[in-house]
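Here the sequence shown is numbered in the numbering used here, starting from 53 and rising by one per residue.
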Amino acid sequence: MTDPAPPDDRDSMQRSLLETLPLSVIQKDLDGRIVFANSRAHRELKFEPGGLLGLTDFDLFPADLARKYQKDDDEVRESGGVYHDIERHQTPDGRQTYVEVWKSPIRDIDGSDFGTMVLFWDVTHHKHNEQQVVYERYLLQTLLDNVPDAVYFKDRDSRFIRLSQSLAGRFGLAGAEDAIGRSDEDFFSREYARRTRRDEKEILRTGEPLLARTEEEVLEDGRETYCSTTKVPLTDPQGKIVGTFGISRDITDEIVTRQELSRERDLLRTIIDNVPDLIYVKDRAGRFLTANRALYQRLGLSSAEELCGKTDYDFSDPELACEYVADDQNVMRSGIALIDREESHQTPGGETIDLLTTKVPLRDDEDNVIGVVGLGHDITNRKRAAEQLFKAKEEADRANRAKSDFLANMSHEVRTPMNAIIGMTELVLETKLDETQKHYLDMVHHSAESLMSIINDILDFSKIESGKLELDKQIFNVRDSIGDTMKMLGTRAHNQGLELAFRITENVPPYVLADLTRIRQVLINLVGNAIKFTPAGEVVVTVDVDPSSKNEKNCQMILSVRDTGIGIAEEKIEKIFHEFEQADTSTTRQFGGTGLGLAITRRIVELMDGRIDVSSRLGEGSQFIATMELDTAPEESLKRARRGTVVVGGTHVWILDDNQTNREILTEMLGGWGMRVTQAA
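Take a look at the structure:
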């Protein structure tokens, strides 16, 4: 063996070795001062050779780093072990770097510590690469965890090596890692898995991607699903194809919506092309965009394409075209639809047709008017029919007026001899006659009066039909005038064994301005009918005034006629007011008549701004209520009435009647005059 080198030679060899190492070397004493630093350490820390000697970490680094380094040195010397870490470093010029550090204690021969050996080298680039890899891995995982589309990576055997959480959820898995190593055959039908495997083999063979292919899959429950799939080759850093990468987006809703829209479009087109109306769409410039079959055939064209791009000036004379364009522009400028405008149109064959046109503004998604939609309904036949109907109506009106004039004239012609017959019969009845003669003449007199009543109804009806029935207003005493009418009706009621009760309330003014003849006619018709259709019992007539309608100028008189007769079926109530209609139309009916009385009564009441209401039940009787607008009589009429008034207030009166209704009416009437009333049955 050779002798060991002298100490100086060993130091030289050690320093030479430390200088040639491809890393920075620093030796520190027990106080942390640098006692040795190789050239690489000086270059790394930006110092001239020998410039680091005698310095401490506090001279080279920020205080927080210096304290950490000093603490690490102390722990190394105390433990006697080796320290290894990648630390954040800062050069004197402020640049942040990362270094990989090894620290160990320096001991002499007897084992005493006399310093620390530090070896470090710059790993900033590697650290940045590592951080970038971690960051990119984080981004990829975030993408796979949150992307709604199915994202997956497969190896060359089409086994999953990574996939998105959404795809794992579609597979019914708790996590994406549960699908690793499995293939489409584990999740899809055999046919679908075979098809995808074939596509992926082709990608591996050719390196050509498969872009946006629509794939259909029928699920176990029979539902059809669709997805848009893109697959590309997956390569390693050397460019070798090691698998496939795919993205699939579920487009089932989109496909279904598209199919529904297609069906609706076809259905709408079928409807539009088969309706007889003319339908079209124009742009802002008035050019046709589309039209239905009815329109382009009407214009002598074979398809809608021949119409597109043309305007009304290509098919109509300039005057009509100007009108069409003006309407279109008004609709587009105002945004207001044009509804049911009558227009004339000239066909290529020279025929004039009439259209009922509707035009509405056509708007885009931003509600801007971009055109007009039109619909033309052919009303040519309807207008021709309306014209013919109008002519027929005019002829019917003329015939009706002639009939009414004839009836009116004939009624007058018949009334004259009938009045003579009635008058002469009454005179003869006053002479001395035997019972047979008197019976015969009574029958003649009764028949003549019935015939006269019919003639009067026909005369009134003819006046109403011809519009010649007018009101002749005059001032009259309500109580006297209506009372006289009730006296005539009372005889008929008593002859039939009926109680006829009549009441005028104190709300009714003494004098009014109205057509007394027509009011009597209404009263006679209503009370006469009540007597006719009441075999037994009573007929109660009440005249009142609605207090809320009473003012200085007019009032609303309410005429009520209630009976205890046979009543009217509910379904026949409206029918009895029709001309020539009766509740009982059978040939065996008990009661006769023309069927004009109530119709005339309603017309008269309506002419007096009133109405008639009816309430009835079969077997229990009926009630007719007629309301009529009457004018209040002038003040001088009231003065005349007051001058003729006899004061009877305080007089004792005893009322004796077996009919309770009569007793109540008389008690109210006499009590209103201030009399002291006692009644008995």
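We put the CB at the ideal spot given by N, CA and C, even for glycine.
At a cut of 8 Å, does the segment 577-592 reach the segment 542-552 through at least three beta carbon pairs? Touching, yes.
Using C-beta distances below 8 Å, list every residue in its chain close to Gln709, excluding the 5 sequence neighbours before and after it, in chain order. What sits at residue 709 in the sequence shown is Asp, not Gln. Contacts found: Arg715, Leu718, Gln731 and Ala733.
In or out: His141 buried (at least 16 other Cβ within 10 Å) or exposed? Buried, by the Cβ-count rule.
First and last residue of the alpha helix (DSSP H) that includes Val530? Looking at the DSSP string, the run of the alpha helix (DSSP H) that includes Val530 is Val530 to Asn547.
Close-in-space but distant-in-sequence residues of the same chain around Pro599 (CB under 7 Å, 5 per side omitted): Residues Asn559 of the same chain have their beta carbon placed closer than 7 Å to that of Pro599, with the five preceding and five following residues left out of the count.
Would DSSP call Lys206 helix, strand or coil? Lys206 falls in the strand class under three-state DSSP.
What are the uninterrupted segments assigned as alpha helix (DSSP H) that are 4 or more residues long and contained completely in the segment 549-631, given in chain order? Segments of the alpha helix (DSSP H) lying fully in the segment 549-631: 568-584.
Quick check on Thr679: does DSSP put it in helix, strand or coil? Looking at Thr679 - three-state DSSP - the assignment turns out to be strand.
Just the C-alpha distance for Thr432 and Val270, rounded to the nearest angstrom, thanks. Between Thr432 and Val270, the C-alpha separation is close to 56 Å.
Whole angstroms are fine: how far does the CA of Glu139 sit from the CA of Phe212? Rounded to the nearest angstrom, the two C-alpha atoms are 39 Å apart.
Spatial neighbours of Glu590 in its chain, beta-carbon cut-off 8 Å, leaving aside the 5 residues before and after: For Glu590, where only same-chain residues beyond five positions count, the Cβ hits under 8 Å are Leu550, Glu551, Leu552, Ala553, Asp615, Thr616, Asn711 and Thr713.
Can Ile620 and Val592 be called in contact, C-beta distance under 9 Å? Val592 sits away from Ile620, with the two beta carbons spaced by 9 Å or more.
Which two residues bound the contiguous beta strand (DSSP E) that contains Glu212? Before going on, a small fix: residue 212 reads as Phe here, not Glu. Per DSSP, Phe212 belongs to the beta strand (DSSP E) from Phe212 to Leu215.
Report the residue ranges of all beta strand (DSSP E) runs contained in full by the segment 84-162; include only those spanning at least 3 residues, in chain order. Complete beta strand (DSSP E) runs here, min 3: 86-89, 135-142 and 148-159.
Taking contact to mean 3 or more Cβ pairs, one atom from each stretch, closer than 8 Å, check whether the segment 168-176 and the segment 151-158 are in contact. The segment 168-176 makes contact with the segment 151-158, as at least three CB pairs between them are under 8 Å.
Jot down the residue ranges of each uninterrupted beta strand (DSSP E) in the segment 408-478, minimum 3 residues, whole runs only, in chain order. Within the segment 408-478, the beta strand (DSSP E) runs of at least 3 residues that lie entirely inside it are, in chain order, 421-430.
Which runs of the beta strand (DSSP E) fall wholly inside the segment 285-324 and span at least 3 residues, in chain order? Whole beta strand (DSSP E) segments, 3+ residues: 293-302.
Span of the alpha helix (DSSP H), counted from its first residue to its last, around Gly649: Unbroken alpha helix (DSSP H) run through Gly649: Gly649 to Leu659.
Beta-ladder partner(s) of His704, from DSSP: According to DSSP, His704 shares a beta bridge with Arg728.
C-alpha gap between Gly673 and Asp392, whole angstroms: It is roughly 52 Å from the alpha-carbon of Gly673 to the alpha-carbon of Asp392.
What are the boundary residues of the alpha helix (DSSP H) that includes Val377? That run of the alpha helix (DSSP H) goes Pro370 to Ser386.
Reducing DSSP to helix, strand and coil, say where Thr176 ends up. The three-state secondary structure of Thr176, taken from DSSP, is helix.
Excluding the 5 residues preceding and the 5 following Pro261 in the sequence, name in chain order all residues of the same chain whose CB lies nearer than 6 Å to its CB. These residues qualify, in order along the chain: Val284.
Applying the criterion that 16 or more other CB atoms from any shown protein chain within 10 Å of the CB defines a buried residue, is Leu70 buried or exposed? With 16 or more Cβ atoms within 10 Å of its Cβ, Leu70 is classed as buried.
Just the C-alpha distance for Ala378 and Leu341, rounded to the nearest angstrom, thanks. Cα atoms of Ala378 and Leu341: separation of roughly 18 Å, rounded to the nearest angstrom.
Thr684, DSSP secondary structure in three states: Collapsing the DSSP output to three states places Thr684 in a strand.
Straight-line CA distance for Ile405 to Asp430? Near 7 Å, if we compare the C-alpha coordinates of Asp430 and Ile405.
Evaluate contact between the segment 302-316 and the segment 347-357, counting only Cβ atoms and requiring at least three cross-stretch pairs below 8 Å. Touching, no, given that fewer than three Cβ pairs across the two stretches are closer than 8 Å.
Would you list the one or two residues that DSSP bridges to Tyr332? Assignment of beta-bridge partners to Tyr332 by DSSP yields Ala343 and Gly426.
Mind the definition here: the segment 221-236 touches the segment 307-315 only if three or more C-beta pairs lie below 8 Å; say whether that holds. Flag = no, the segment 221-236 and the segment 307-315 do not touch.
Contacting residues, own chain, Cβ-Cβ under 7 Å from Thr143 (five flanking each side not counted): The residues are Leu97, Lys98 and Thr149.
Using the C-alpha atoms, what's the distance from Gly423 back to Ile323? Between Ile323 and Gly423, the C-alpha separation is close to 22 Å.
Helix or strand or just coil, what does DSSP make of Arg350? Residue state, collapsed to three classes: helix.
Taking Arg208 as the reference, give the member of Leu256, Glu395 and Glu237 with the closest Cα. Ranked by Cα distance from Arg208, the first of Leu256, Glu395 and Glu237 is Leu256.
Between which residues of its own chain and Ile299 is the CB-CB distance below 6 Å, once the five residues before and five after are set aside? The residues are Asp201, Val203 and Thr282.
Give me the Cα-Cα distance between Ser164 and Asp126, rounded to the nearest whole angstrom. Going from the Cα of Ser164 to the Cα of Asp126 covers about 14 Å.
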